[in-house]
Amino acid sequence: MLALFKRTTVLLFLICLGSFLLTIYRAGDVSVCTNADESAFGYNAFSILKTGRDEYGTFLPLRLKSFGDNKLPLYSYFSIPFVAALGLNDVGIRGLNMLISILLPIAVYFLTIELLGKKSYGLVAAFFTALSLSTHITARQAHESILSLLLSITMFIFYLRSLRSYKPKDIILFLLATVLSLLSYHPARLLALFLATSHAIMFFVAPKIEKKRLFVLGGFFIAALALLLSVDIFYNPSRLNNLLFVNSPGFSLRINELRGEGANRFLYNKLTLGAKELIYQNLAYYSPQFLLSRGDENYRFGYPGMSLITALEFLFLFIGLYYLFKNKNKHRFFIVALLLVAPLSGSLSWAGISLTRVLFLFVLIFVIAGYGAVEFIKEIPKKNRAVAIVALIILQIIGLFSSWDFYLNHYPKRAVVIRSQECGYTELAQYVSDNYSSYKKFYITKQNGEPYMHLLYRLKYPPSKYQPQSHLTAADQYGFGQVESFDKFVFSLPNELNEKNVVYIGFPDELKNRPGFNAGSDSKGLKTISVGTEEIFSILER
């Protein structure tokens, strides 16, 4: 028994080590730039560390106002120790996810044991998780989805333990994980609501002797949910509401177009078309196109050729589902229901197919695929089992190598990827720092992300100095506001380039096509900031 424990511990350690190494390996070559959301989480962590307030001066906020999207704040709070120790830089703001890359396979291992009962299933599921590109794409960025994933898994682990043991320790940890997950990223809310619904169903079908325990546990759970969700009364989740596909202008225009063509209002309305769209979107997340070929439609998190799972894992998913019902696993209906619900947070959004909103789906895929792999191997005669295992490992390595090779060596060189990562601000901040005292004003285009946040982050601008200046315009139709200026920086280009002792910074065509630009003298003195093959900014000094 002790030998088995030691072997399991060693294997789990090696799996976690592999996950960590894949997270840090050439991280600076692939995620070479930080986008505005990463910068916002990092700068707000820095601001809270220095002043106890976010960028707008709100004391220990439960939402980060940020760009008007009211971000959930947990990633910034949990990043504070890393920013304090490592500084406000790319490693400091991504350090939290580097740590999570170690913890995630462990969490998947224990979740698998709670659902399926055997360590062998857990080890294979943890192995799939540790080497998968799906989890590392986000773990190598300062994105809150991977933190939310870890907390959601922890919530399910201690919920299942609480049902089994009813120990106060498990109940407290379950409630703590629930509260933290609800403060991390919006998809955790749907998972918590699923858990509340399944618990209610369990309560009504349970024997009387079990109802009291279920009622008490459910009462604590509902109280925690109500407390956290009530925060939205004080923080208008405008960005979240605007992300719902039924609220998008395109969806309404499509309904009006169909009605204008004489369509029946009973058949063509928000409810019927919304339900149809939701079903189609949900099904898309199980398709080979998403899982094996295309991935996320946002180039920050996906590109054609980057497989989120391997073909072998895809095959073992179906084998695992078969064995769940053949072996009459007691959690089979719970697992399948959760598998169907997991993509909903992505399906409800108009923003397209999204990896970050459906990461929990991949955990379920790895859990079921791990179960399928072990059960499949059991069916192979013992004399052929070793050869079969070696063959399966080779096939898995080939699939992983193909995807990781594209991600590491080709993906970061693509022009659309460089643009989507909002590159160029590291170099721009260095230019501004070097020339700050030489000019009275810097006009900077808003066409590349949120320039104010990139400068706050890259310049390590003192929060106590910025907070009195901070001002956000009213939200646009997508739920975002704008910071028009601070200090010497104005985040728009004037109609004419005729001021003196200023710097104009824009996309190349923006400057060259504006009145006041001299094609002769100005073109000669124009400076450029390039990343890879892309010319990002042109700089005109006057």
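According to the working numbering, the sequence shown is numbered sequentially starting from -13.
A virtual CB, placed ideally from N, CA and C, is assigned to each residue, including glycine.
Note that this is a predicted model, so its numbers are computed, not measured.
query: I believe Ile321 touches Ile354 by the beta-carbon criterion, under 8 Å. Please report the beta-carbon distance rounded to the nearest angstrom.; result: 7 Å
query: For the structure I just gave you, are there three or more beta carbon pairs, one from the region 104 to 121 and one from the region 66 to 79, closer than 8 Å?; result: no
query: Could you please give the first and the last residue of the uninterrupted alpha helix (DSSP H) stretch that includes Val469?; result: Where Val469 is concerned, there is no enclosing alpha helix (DSSP H), given that its DSSP letter is neither H nor E.
query: If contacts are defined as beta-carbon pairs under 8 Å, then Leu310 and Arg318 qualify, I think. What distance do you get, rounded to the angstrom?; result: 4 Å
query: Kindly list the residues whose CB is nearer than 6 Å to the CB of Tyr29, restricted to its own chain and excluding five residues on each side of it in sequence; keep chain order.; result: Leu442, Tyr443
query: Among Glu496, Tyr152, Gly78, which has the Cα closest to the Cα of Ala128?; result: Gly78
query: Roughly how many angstroms separate the alpha carbons of Phe493 and Pro67, rounded to a whole number?; result: 37 Å
query: Report all residues from its chain with a CB closer than 7 Å to the CB of Ala192; omit the five preceding and five following residues, and keep chain order.; result: Leu200
query: Quick one: is Leu215 buried, meaning 16 or more other Cβ sit within 10 Å of its Cβ, or exposed?; result: exposed
query: What number of angstroms, rounded off, separates the C-alpha of Phe276 from the C-alpha of Ile143?; result: 28 Å
query: With a threshold of 16 other CB atoms inside 10 Å of the CB of Gly356, please say whether the residue is buried or exposed.; result: buried
query: Taking buried to mean at least 16 other C-beta atoms within 10 Å of its own C-beta, is Asn83 buried or exposed?; result: buried
query: How many angstroms separate the CA atom of Leu512 from the CA atom of Gln416?; result: 17 Å
query: Per DSSP, what are the beta-bridge partners of Leu428 in this structure?; result: With the sequence shown as reference, residue 428 is identified as Phe, and Leu is not the correct amino acid for it. Looking at the DSSP assignment, Phe428 forms a beta bridge with Phe475, Val489.
query: Taking the Cβ atom as the reference point for each residue, do Leu264 and Leu334 lie within a distance shorter than 9 Å?; result: yes
query: If I measure Cβ to Cβ from Gly43 and keep anything under 6 Å in the same chain, skipping five residues before and after, which residues do I get?; result: Gln453
query: Since Ser456 sits in a beta bridge, which residues does DSSP pair it with?; result: Answer by DSSP bridge pairing: none, since Ser456 is not bridged.
query: Rounded to whole angstroms, what is the Cα-Cα separation between Lys457 and Val469?; result: Note that residue 457 is His in the sequence shown here, rather than Lys. Those two C-alpha atoms are separated by around 6 Å.
query: How is Ile366 classed by DSSP in three states: helix, strand or coil?; result: coil
query: Apply the 10 Å Cβ neighbour rule to Phe387 and answer buried if 16 or more other Cβ atoms are within range, or exposed otherwise.; result: exposed
query: With a threshold of 8 Å, establish whether the CB of Val488 neighbours any heavy atom of the ligand FMN.; result: As presented, the structure is devoid of all ligands, the ligand FMN included, so that no description of it is given.
query: To the nearest angstrom, how far is the alpha carbon of Tyr425 from that of Glu520?; result: 27 Å
query: Where do the ends of the alpha helix (DSSP H) carrying Ile86 lie?; result: 76 to 102
query: What are the residues that DSSP puts in a beta bridge with Ser524?; result: Gly492, Thr514
query: Pull up the distance between the alpha-carbon of Ser120 and that of Tyr272, whole angstroms please.; result: 14 Å
query: Assess contact between the region 157 to 170 and the region 58 to 65, defined as three or more Cβ pairs (one per stretch) separated by less than 8 Å. Is contact present?; result: yes
query: Which class does Lys57 belong to by DSSP, given the choice of helix, strand or coil?; result: strand
query: Nearest to Leu341 by CA position, among Thr124, Ile92, Asp15, Gln407, is which residue?; result: Thr124
query: Would you identify the three-state DSSP class for Arg500, choosing helix, strand or coil?; result: coil
query: For the region 386 to 402 against the region 287 to 307, are there 3 or more C-beta pairs whose distance is under 8 Å?; result: yes
query: What are the start and end residues of the alpha helix (DSSP H) that includes Met439?; result: 437 to 444
query: To the nearest angstrom, how far is the alpha carbon of Arg500 from that of Gly410?; result: 22 Å
query: Which residue from Glu196, Lys155, Leu179 puts its Cα closest to that of Phe207?; result: Leu179
query: Can you find the residues in the same chain that come closer than 7 Å, C-beta to C-beta, to Ser5, ignoring five residues on each side of it along the sequence?; result: Ser87, Ile88, Leu90, Pro91, Ala116
query: Under DSSP, the alpha helix (DSSP H) around Thr342 begins and ends at which residues?; result: Premise fails: Thr342 is in no alpha helix (DSSP H) and is neither H nor E.
query: Starting from the C-beta of Val517, find all residues in its chain whose C-beta is less than 8 Å away, skip the five residues before and the five after it, and write them out in chain order.; result: Val18, Cys19, Ile404, Cys409, Gly410, Glu413
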